[in-house]
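Engineer: Quick note on numbering: UniProt numbering labels position 110 of the sequence shown as 110, and the sequence is numbered without any gaps.
Even for Gly, the Cβ is constructed at its ideal location relative to N, Cα and C.
If you're wondering where the values come from, they're calculated on a predicted model, not measured in any experiment.
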Amino acid sequence: LSALRSSATAAKHHTPTILVAEEVASKMAGRKGGDRKKAVTRSVKAGLQFPVGRIGRYLKKGRYAQRVGSGAPVYLAAVLEYLAAEVLELAGNAAKDNKKTRIIPRHLLLAVRNDQELGKLLAGVTIAHGGVIPNINAVLLPKKSPAAAEKEAKSPKKKTSTKSPKKKTAATKE
Numbered sequence: 001l002s003a004l005r006s007s008a009t010a011a012k013h014h015t016p017t018i019l020v021a022e023e024v025a026s027k028m029a030g031r032k033g034g035d036r037k038k039a040v041t042r043s044v045k046a047g048l049q050f051p052v053g054r055i056g057r058y059l060k061k062g063r064y065a066q067r068v069g070s071g072a073p074v075y076l077a078a079v080l081e082y083l084a085a086e087v088l089e090l091a092g093n094a095a096k097d098n099k100k101t102r103i104i105p106r107h108l109l110l111a112v113r114n115d116q117e118l119g120k121l122l123a124g125v126t127i128a129h130g131g132v133i134p135n136i137n138a139v140l141l142p143k144k145s146p147a148a149a150e151k152e153a154k155s156p157k158k159k160t161s162t163k164s165p166k167k168k169t170a171a172t173k174e
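#1: When DSSP labels each residue in this structure, what does proline 142 get in the three-state scheme?
#2: Consult DSSP for alanine 65 and reduce its assignment to one of helix, strand or coil.
#3: By alpha-carbon positions, which one of Gly47, Asn137, Val68 ends up nearest to glutamate 81?
#4: If you compare alpha carbons, which of Val74, Lys37, Val139, Ala123 is closest to phenylalanine 50?
#5: Measure the CB-CB distance between valine 139 and leucine 108 and report whether it falls below 8 angstroms.
#6: Can you give me the C-alpha to C-alpha distance between histidine 129 and aspartate 115, rounded to a whole angstrom?
#7: Hey, glycine 131 and arginine 106: beta-carbon distance below 8 angstroms or not?
#8: Taking Cβ to Cβ, would you say isoleucine 133 is nearer than 8 angstroms to arginine 113?
#9: Going straight from the alpha carbon of leucine 121 to that of lysine 151, what length do you get?
#10: For leucine 90, tell me which candidate among Gly119, Leu59, Asp35, Ala147 has the shortest Cα-Cα distance.
#11: If I measure Cβ to Cβ from leucine 76 and keep anything under 8 angstroms in the same chain, skipping five residues before and after, which residues do I get?
#12: Cα separation between alanine 95 and alanine 85?
#13: Going by CA-CA distance only, name the one from Gly71, Ala65, Gly62, Asp35 that's closest to lysine 45.
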């Protein structure tokens, strides 16, 4: 009888319980470990491709200032990403103009030097294997042949009047 009672009390206290997955997660989410939220990088938060954390580390290591604000690496990453996108777009257009599908240093040089603002920004920069911008001084170009000069002289030119049409009509009315 005592053995029967002990098994009955054991059955009462040690009944197996089925836990829902949320309860398991909530029990394990304390200090012991368990399900964790996936880390979200500052680059993802800012919607950037350039690494905000790495740029922040470089700003600190470079000793540009004693302290670096939390927004500084985000802003710098955004500026660098914009400049890179601008140069790549122009270089892609230069490659397309040359009927190429791959951007080479020559396309980068043409893109930078033909853009006024980028040319000013990167004036002192040398791009390896970029070559030079094609430019021939007008004095060095061959003079036109006499046949070409005659064709230009024979071509009809528009007559340029010295007076404006309104004044001319006003003078004829008088």
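Structural biologist: Well, looking at it:
#1: Correct three-state label for proline 142: coil.
#2: In the structure shown, alanine 65 sits in coil (DSSP, three-state: anything other than H, G, I, E or B).
#3: Considering only alpha carbons, the answer is Gly47.
#4: With respect to the C-alpha of phenylalanine 50, the residue from Val74, Lys37, Val139, Ala123 having the closest C-alpha is Val74.
#5: Result no, Cβ atoms of valine 139 and leucine 108 do not sit closer than 8 angstroms.
#6: Going by the C-alpha atoms only, they are around 19 angstroms apart.
#7: Yes, the Cβ-Cβ distance between glycine 131 and arginine 106 is below 8 angstroms.
#8: Yes, these two residues count as a Cβ contact at 8 angstroms.
#9: Their Cα atoms are separated by approximately 45 angstroms.
#10: Here the closest residue by C-alpha is Gly119.
#11: The beta carbon of leucine 76 is closer than 8 angstroms to those of Ile55, Leu59 in its chain, skipping five residues each way along the sequence.
#12: Cα to Cα, the separation comes out at about 15 angstroms.
#13: If we check each option's Cα against that of lysine 45, Gly71 comes out closest.
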